[in-house]
Each structure stands twice: as structure tokens, then as C-alpha cells.
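For any residue, its number in the working numbering is found by taking its place in the sequence shown, counting from 1, and adding 417.
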Amino acid sequence: MKITFFAVVKRISLVAALLVLSGCAAYTLKPAGVTKVGNMQFQSTMTWNKIPSGYGPNTEVWTADGALLNQFVFVSGIQSGKAMFRDFSKDTPMPKFSAKVLPHELKALVETSLTNTSGGKYPFTGSNLKPRKVADVTGIEFDLEFFNADGLLNRGKVLAFVKNDKLYSVIFFAANTYHYDHYNPEFEAIVKSITL
């Protein structure tokens with residue numbers, strides 16, 4: 418059987434198209450509007466892409482321009498005695514959440530959990546801790562900074578609160594150049610609209 422050059426090109430093109438489509442299958446479009454993550458409901462004002470969460474169960478990750486440029490990490494319903502995220506390294510195990518956590522301890526829990534996703538190589542630093550009313554309880558909000566593996570400064574914001582002895586959090590971070598300022602208003606819109 419003789420295979421022509423055009424038949425080979427056609428087959429290669431078909432395989433390439435299938436690979437591209439299968440790579441996109443892991444992304445899910447999240448249009449603006451009301452959405453739920455676990456039992457946390459909120460309103461987004463922009464279209465986002467839900468991407469596979471490497472953080473573990475009870476988490477969902479959204480990005481607009483790619484995970485290296487901006488991320489929203491939603492944490493919903495972590496039980497007391499469990500970690501926010503899965504262990505990334507046996508040398509830096511994730512701290513466990515306690516329902517009796519104090520505000521400064523909750524801030525430290527989030528910072529350490531995020532830092533431990535890189536095995537401690539890229540520390541996340543929080544500042545400007547303040548109380549924040551959300552979903553009929555008082556949680557915390559604080560600013561976030563870290564340098565990624567490429568040395569790019571990222572800034573962000575964290576909301577964390579405990580309701581019915583379970584931990585909920587909205588974590589936003591983005592490249593300091595353009596992306597943080599552009600997507601920061603979305604953090605505020607989401608936080609203001611949270612219901613459980």
C-alpha cells in the first residue's frame with residue numbers, strides 16, 4: 418500500500434489537533450455570574466478558566482491568563498484536624514487546621530500552607546491583617562507577597578474564615594506587573610458576595 422506525502426501530513430495534523438483538544442479538556446470555562454465551590458456560593462464579574470487543582474481535595478483553582486500570571490484558589494469546608502492542601506513534600510508537611518484557631522494563627526496557617534507548596538523554597542509573606550465580616554461570621558483578610566521561581570514578584574489577598582467549625586478561604590495572587598491591579602477588584606466582588 419502506497420502512502421502519499423499528503424496522507425502523512427493529514428494524519429500528523431489530525432494527531433496534533435487531538436493533542437491540542439485533549440490538553441484543553443482539563444480547562445473548564447467559568448462564565449461571570451453566580452457559582453459554587455463546595456457549599457461556598459459567590460458572584461464573579463468576569464469569565465475565568467477552572468484549571469486542575471494540584472492543591473488537593475476541597476480546592477478549586479481559577480486563572481484568566483495562566484497559572485503563572487494569576488490564580489484564585491478557593492478552599493471550601495476543611496474540617497478541624499485536616500490540612501488546607503495536600504502534602505507536596507515529606508520534609509515540609511502541611512500544618513493542620515483547628516476550629517479553635519485565633520486570627521493570627523489562621524494567617525500563619527495560610528502563609529505556611531502556601532509556602533509549603535514549594536517545599537519552603539518560595540516563602541509567602543502576609544501583612545495588614547484585619548477582621549473581615551463574611552457569611553455572617555468574622556474572618557480575616559490580609560495582603561500577600563512572594564517571589565516565584567523566576568524571581569517575579571507576586572502580590573495578592575487572602576480571605577479566610579471559620580463557619581460551623583470548617584475552614585473556608587479565597588486566595589488571590591498575581592504578577593505584580595499589570596495582573597495584580599487588573600484582577601484585584603474581582604477579589605473584592607467575590608468576597609462581598611459569599612454566602613454559605
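Cβ coordinates follow ideal geometry from the N, Cα and C atoms, glycine included. Keep in mind it's a predicted model, so treat the numbers as computed, not measured.
Quiz prompt | Same chain, Cβ closer than 6 Å to Ala606, five either side skipped, listed in chain order | solution = For the purposes of this step, residue 606 is taken as residue 189 along the sequence shown, with counting starting at 1. Contacts found: Thr462.
Quiz item: Since Thr534 contacts Phe505 with CB under 8 Å, what's their CB separation in whole angstroms?
Solution: Locating residue 534 in the sequence shown gives position 117, counting from the first residue. Locating residue 505 in the sequence shown gives position 88, counting from the first residue. So it is a contact: roughly 5 Å between Cβ atoms.
Self-check item: N-terminal and C-terminal residue of the alpha helix (DSSP H) that Ile607 is part of
Solution: Residue numbering aside, residue 607 sits at position 190 when the sequence shown is read from its first letter. Counting along the chain, the alpha helix (DSSP H) containing Ile607 begins and ends at 596-609.
Quiz item: Relative to the C-alpha of Tyr539, which residue among Val451, Ile611, Glu562, Lys609 is closest?
Solution: The residue labelled residue 539 in the question sits at position 122 within the sequence shown. Of Val451, Ile611, Glu562, Lys609, the residue nearest in Cα terms is Glu562.
Exercise. Quick one: give me the first and last residue of the beta strand (DSSP E) that Ser461 is part of.
Key: If you number the sequence shown from 1, residue 461 lands on position 44. Where Ser461 is concerned, the enclosing beta strand (DSSP E) stretches over 457-461.
Quiz item: What is the rounded straight-line gap between the Cα of Lys583 and the Cα of Trp465?
Solution: Mapped onto the sequence shown, residue 583 falls at position 166. Mapped onto the sequence shown, residue 465 falls at position 48. Cα to Cα, Lys583 sits roughly 26 Å from Trp465.
Quiz item: To the nearest angstrom, how far is it from the Cα of Pro520 to the Cα of Glu528?
Solution: One-based indexing of the sequence shown puts residue 520 at position 103. One-based indexing of the sequence shown puts residue 528 at position 111. Pro520 and Glu528: Cα-Cα distance of roughly 13 Å.
Exercise. Measuring alpha carbon to alpha carbon, tell me which of Lys517, Val518, Arg503 ends up nearest Met511.
Key: Here residue 511 corresponds to residue number 94 of the sequence shown, with the count starting at 1. Measuring from the Cα of Met511, the nearest candidate turns out to be Arg503.
Practice problem: Specify the secondary structure class of Ala433 as computed by DSSP and reduced to three states. | Solution: On the sequence shown, position 16 is the one that residue 433 refers to. Only weak support exists for where Ala433 lies, its pLDDT of 38 falling under 50; the coordinates are left without a value.
Quiz item: Is Ala525 near the ligand NAP, going by C-beta to nearest heavy atom under 7 Å?
Solution: As for the ligand NAP, it is missing from this structure, which has no ligand bound.
Quiz item: By the 10 Å Cβ neighbour count, where 16 or more other Cβ atoms means buried, how is Ser544 classified, buried or exposed?
Solution: For the purposes of this step, residue 544 is taken as the residue at position 127 of the sequence shown. So Ser544 ends up on the exposed side.
Exercise. Taking 8 Å as the cut-off, decide whether the C-beta atoms of Val492 and Tyr585 are in contact.
Key: Start at 1 with the first residue of the sequence shown, and residue 492 comes out as number 75. Start at 1 with the first residue of the sequence shown, and residue 585 comes out as number 168. Yes, the pair counts as a contact, with Cβ atoms nearer than the cut-off.
Practice problem: Output the boundary residues of the beta strand (DSSP E) element that contains Thr445. | Solution: On the sequence shown, position 28 is the one that residue 445 refers to. Note, Thr445: beta strand (DSSP E), 445-447.
Quiz item: What did DSSP end up calling Ser530 once you bin it into helix, strand or coil?
Solution: Position 113 of the sequence shown, counting from 1, holds the residue named residue 530. Helix, per DSSP.
Quiz item: How many Å lie between Leu546 and Thr445 at the Cα?
Solution: In the sequence shown, residue 546 corresponds to position 129, counting from 1. In the sequence shown, residue 445 corresponds to position 28, counting from 1. Leu546 and Thr445: Cα-Cα distance of roughly 33 Å.
Self-check item: Beta-carbon proximity list for Gly483, same chain, < 7 Å, skipping 5 on both sides
Solution: Along the sequence shown, read from residue 1 onward, the residue named residue 483 stands at position 66. Correct list: empty, nothing qualifies.
Self-check item: C-beta contact flag for Lys574 and Asp560 at 8 Å
Solution: Residue mapping note: residue 574 aligns to position 157 of the sequence shown, counting from 1. Residue mapping note: residue 560 aligns to position 143 of the sequence shown, counting from 1. Their beta carbons are under 8 Å apart, which means Lys574 touches Asp560 by this criterion.
Quiz item: Start and end of the beta strand (DSSP E) containing Tyr585?
Solution: For the purposes of this step, residue 585 is identified with residue 168 of the sequence shown, where counting begins at 1. Taken as a continuous stretch (DSSP letters only), the beta strand (DSSP E) holding Tyr585 covers 583-592.
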